[in-house]
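S.K.: Can you keep this structure in mind? I'll have questions shortly.
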Amino acid sequence: MTSVQDSVIFRNILSHPEVAAIWSDRTRTKYYLDFEAGLAKAQARLSIIPQDAADAIVSACDVDKLINWDELRSQTETIGYPVLGVVKQLVKASNDFCHWGATTQAMKAEVQLDLTDTATILQIRDTLDIISRQIEAIIEALRELCEKHKTTPMAARSNLQQAVPISAGFKFARLLATFLRHRNRLTELRTRVLVLEFGGAAGTLATLSPDGTDDIGFRCQEELAKELGLQVPDIAWHTERDRIAEFGFFCTMLTGTCSKFAFDLKLEMQTEVAEMKEPFVPHRGSSSTMPQKRNPIGSVYITATAASVRQMSAALSESMVSDHERATGPWEIEWIMLPQIATLTAACLRHTADVLQGLEVDEQAMARNLAMSKGLIVSEAVMMGLGPALGRDKAHDIVYDLCTEASQTGRPLLDLLDGHKGVNLSKTKLERLCDPANYLGLSEKMTEKVLQLYMSK
Numbered sequence: 016m017t018s019v020q021d022s023v024i025f026r027n028i029l030s031h032p033e034v035a036a037i038w039s040d041r042t043r044t045k046y047y048l049d050f051e052a053g054l055a056k057a058q059a060r061l062s063i064i065p066q067d068a069a070d071a072i073v074s075a076c077d078v079d080k081l082i083n084w085d086e087l088r089s090q091t092e093t094i095g096y097p098v099l100g101v102v103k104q105l106v107k108a109s110n111d112f113c114h115w116g117a118t119t120q121a122m123k124a125e126v127q128l129d130l131t132d133t134a135t136i137l138q139i140r141d142t143l144d145i146i147s148r149q150i151e152a153i154i155e156a157l158r159e160l161c162e163k164h165k166t167t168p169m170a171a172r173s174n175l176q177q178a179v180p181i182s183a184g185f186k187f188a189r190l191l192a193t194f195l196r197h198r199n200r201l202t203e204l205r206t207r208v209l210v211l212e213f214g215g216a217a218g219t220l221a222t223l224s225p226d227g228t229d230d231i232g233f234r235c236q237e238e239l240a241k242e243l244g245l246q247v248p249d250i251a252w253h254t255e256r257d258r259i260a261e262f263g264f265f266c267t268m269l270t271g272t273c274s275k276f277a278f279d280l281k282l283e284m285q286t287e288v289a290e291m292k293e294p295f296v297p298h299r300g301s302s303s304t305m306p307q308k309r310n311p312i313g314s315v316y317i318t319a320t321a322a323s324v325r326q327m328s329a330a331l332s333e334s335m336v337s338d339h340e341r342a343t344g345p346w347e348i349e350w351i352m353l354p355q356i357a358t359l360t361a362a363c364l365r366h367t368a369d370v371l372q373g374l375e376v377d378e379q380a381m382a383r384n385l386a387m388s389k390g391l392i393v394s395e396a397v398m399m400g401l402g403p404a405l406g407r408d409k410a411h412d413i414v415y416d417l418c419t420e421a422s423q424t425g426r427p428l429l430d431l432l433d434g435h436k437g438v439n440l441s442k443t444k445l446e447r448l449c450d451p452a453n454y455l456g457l458s459e460k461m462t463e464k465v466l467q468l469y470m471s472k
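Okay, so the sequence shown: first residue is 16 according to the working numbering, each after it adds one.
Set out below in structure tokens:
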């Protein structure tokens, strides 16, 4: 095994077969040929090449019938790039009208930039389609959790210690809001990333418009973009790699969000907390020596794939430092990193959706943990409740001293408050102040606000 994509054991866990197929040799080469077929059609419509020549090129652009893979491998190892080997096989099967009718090897080599970049964009497009479906599945699972638990009290945690009460729905709603933003980012990203690259050797379209007096180069761009379902570039972008880098950064944000959720869930699944659990599957997460164990396997996969994407995205960003109009190396980093970033991201999202769709929320454990502090978790509520009559500073000092006593003696804060001579509230009011369910702030309304945002999209 050289990668998780190739592994019989791991490819359905740490990779994503459907996305891996998008980044395979076959699909990449198919997109080279789609480019060639689209270009031939566009040039024939513009009378740049004869219609019968275009028809022959289009007919030959069948990846399964055309490509001799052993020959392509050998030519790629010799030349350094796969495109020229594909073009040579296509010319042999059709005619010399490929690439504006140019017949020299040098001219064909020039357009490998356009072919490779456009094929990469088509691969990103197909990957984004799958990612979009996964985001929708995650959003729907979170919506259900928000609806079900918008008033379920639980402890918020700060520095791994109980802070104040929140609702479980509020916690899920924050994650839902983040994925709604990711959905918006994906829509915006498509407009910037799914753009044709077609400009020739230095991006000037000089092959079609040598002296700049004829705009047929622009018209050819437009026709080719229509054929491939991509946007027309504002200007050549071969050594401006922000489009590719943005895809990587987007994957980093997506998987980072998943990883934050998974990290929280791993902490929630600790025996001493046990407020949430991954979906139960017999033997999943089991131990060979400790039968009682139920390890957070899905969360482990999420955090592992997300960490890998972060590192690979940093490497991918190196391709942005591309010299002049044709770089001396950074471009090839994308060939290594993009397939792995895409497959790992899809795997991470799939695991996240699976966990969320079957997530077990233990409301009794949440209530038990809220009661564990014997009222200390609502000390802020008590302080604010005493403040109007005693003044904030005095109320703070009294509650601080009583919290210290409660911690040392194990007595409930309510009992200590009720017996303190400086506290002038009735026991009924104190009981209300000491009930965590009465100190959720705007948790429910904030959750409903996010759900309304979900409904408006």
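Heads up, the beta-carbon is just placed ideally off N, CA and C, and yes, glycines get one too.
1. Would you say the segment 265-278 touches the segment 77-93, given that touching needs at least three Cβ pairs under 8 Å?
2. Going by Cα to Cα distance, which pick from I24, L280, E446 is closest to A289?
3. Which residue wins for smallest C-alpha separation from D79, given the options L105, P65, L391?
4. Can the beta-carbon of I146 be found closer than 9 Å to that of A362?
5. Less than 9 Å separating the beta-carbons of F187 and C161?
6. Taking the C-alpha atoms as reference points, what is the distance between T462 and V336?
7. Please report how far the alpha carbon of L211 lies from the alpha carbon of R26, in whole angstroms.
8. Taking 8 Å as the cut-off, is the CB of I37 close to at least one heavy atom of the ligand GTP?
9. Apart from the five residues on each side of it in sequence, which residues of its chain come closer than 6 Å, Cβ to Cβ, to R198?
10. Please tell me whether Q277 and V315 are closer than 9 Å, where the distance is taken between their beta carbons.
11. Which of helix, strand or coil does DSSP assign to R256?
12. Considering only C-alpha positions, which residue in the set M470, V376, A380, A260 is nearest to R8?
13. In the DSSP assignment, find the beta strand (DSSP E) that holds N82 and state where it starts and stops.
14. Can you tell me the Cα-Cα spacing of Y454 and S323, whole angstroms?
15. Using 10 angstroms around the beta-carbon of W84, count the other beta-carbons present and answer buried if the total reaches 16, otherwise exposed.
16. Nearest-angstrom Cα distance between R189 and L359?
17. Assuming K397 contacts L448 under a Cβ cut-off of 8 Å, what Cβ separation, rounded to an integer in Å, is found between them?
18. Along the chain, which unbroken stretches of the beta strand (DSSP E) at least 3 residues long are found entirely within the segment 362-444?
19. In angstroms, rounded to a whole number, what distance separates the CA positions of Q136 and V296?
20. Can you tell me which of the three DSSP states M284 falls into?
21. With I153 as the anchor, note down where its alpha helix (DSSP H) starts and where it stops.
M.R.: A quick look at the data gives this:
1. no
2. Stepping through the sequence shown from its first residue, residue 289 is reached at position 274. Considering only alpha carbons, the answer is L280.
3. As a working mapping, residue 79 is identified with position 64 in the sequence shown. Checking every option, the nearest Cα to that of D79 belongs to L105.
4. For the purposes of this step, residue 146 is taken as residue 131 along the sequence shown, with counting starting at 1. For the purposes of this step, residue 362 is taken as residue 347 along the sequence shown, with counting starting at 1. For I146 and A362, no; Cβs fall outside 9 Å.
5. Translated into positions along the sequence shown, residue 187 becomes position 172. Translated into positions along the sequence shown, residue 161 becomes position 146. Result yes, Cβ atoms of F187 and C161 sit closer than 9 Å.
6. As a position in the sequence shown, residue 462 is number 447, starting the count at 1. As a position in the sequence shown, residue 336 is number 321, starting the count at 1. Computed Cα separation, rounded: 43 Å.
7. Locating residue 211 in the sequence shown gives position 196, counting from the first residue. Locating residue 26 in the sequence shown gives position 11, counting from the first residue. Looking at the two C-alpha atoms, the distance is approximately 31 Å.
8. Ligands in the displayed structure: none, and consequently the ligand GTP is not present.
9. Within the sequence shown, the letter at position 183 stands for residue 198. Answer for R198: I150, listed in chain order.
10. What you label residue 277 is simply residue 262 of the sequence shown in a count that begins at 1. What you label residue 315 is simply residue 300 of the sequence shown in a count that begins at 1. The amino acid occupying residue 277 in the given sequence is Ala; Gln does not appear at that position. Result yes, Cβ atoms of A277 and V315 sit closer than 9 Å.
11. Against the sequence shown, residue 256 aligns to sequence position 241. Residue state, collapsed to three classes: coil.
12. For residue 8 there is no data in the structure shown, the boundaries of the chain being 16 and 472.
13. Indexing the sequence shown from 1 puts residue 82 at position 67. Reading off the sequence shown, one finds Ile at residue 82, where the question assumed Asn. I82 -> no beta strand (DSSP E), and no H or E assigned at all.
14. For the purposes of this step, residue 454 is identified with residue 439 of the sequence shown, where counting begins at 1. For the purposes of this step, residue 323 is identified with residue 308 of the sequence shown, where counting begins at 1. Whole-angstrom Cα-Cα distance: 40 Å.
15. Translated into positions along the sequence shown, residue 84 becomes position 69. Classification of W84: exposed, given that the 10 Å Cβ count is below 16.
16. As a position in the sequence shown, residue 189 is number 174, starting the count at 1. As a position in the sequence shown, residue 359 is number 344, starting the count at 1. The alpha-carbon atoms of R189 and L359 are separated by roughly 24 Å.
17. In the sequence shown, the residue the question calls residue 397 occupies position 382. In the sequence shown, the residue the question calls residue 448 occupies position 433. In the sequence as displayed, the identity of residue 397 is Val instead of Lys. With 8 Å as the limit, V397 and L448 qualify as a contact, their Cβ atoms being about 5 Å apart.
18. none
19. As a working mapping, residue 136 is identified with position 121 in the sequence shown. As a working mapping, residue 296 is identified with position 281 in the sequence shown. A small correction: the amino acid at residue 136 is Ile; Gln does not occupy that position in the sequence shown. Approximately 38 Å between the Cα atoms of the pair.
20. The residue labelled residue 284 in the question sits at position 269 within the sequence shown. Three-state DSSP puts M284 in coil, outside helix and strand.
21. Stepping through the sequence shown from its first residue, residue 153 is reached at position 138. First-last of the alpha helix (DSSP H) with I153: 127-164.
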